[in-house]
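The sequence shown begins at 47 in my numbering and counts up by one.
Each residue gets a CB set at the ideal place from its N, CA and C atoms; glycine is no exception.
The structure presented is a predicted model; accordingly, all values stated were derived computationally and were not measured.
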Amino acid sequence: MVTIRLSRGGAKKRPFYQIVVTDSRNPRDGRFIERLGFFNPLATGKAERLR
């Protein structure tokens, strides 16, 4: 089954997530089919938080 999930990146205590389409059997940060955008929970000011 194909799912949309957040794949974590960034450094320790500074998360950055990519929104990806992947098979549900793959690990969180494993192989993905397509990258849809990103989510930056720590964005401040004019920085883009979600695309």
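For residue j and residue i, believed in contact at Cβ under 8 Å, the rounded distance
i          : j          : result
residue 54 : residue 66 : About 11 Å separates the two Cβ atoms, so there is no contact after all.
residue 68 : residue 84 : Not really, about 15 Å apart at Cβ, beyond 8 Å.
Three-state secondary structure assigned by DSSP to residue i
i          : result
residue 91 : coil
residue 83 : strand
residue 61 : strand
residue 75 : coil
residue 54 : strand
Through-space distance from residue j to residue i, alpha-carbon basis
i          : j          : result
residue 75 : residue 56 : 12 Å
residue 88 : residue 58 : 13 Å
residue 71 : residue 48 : 9 Å
residue 63 : residue 95 : 10 Å
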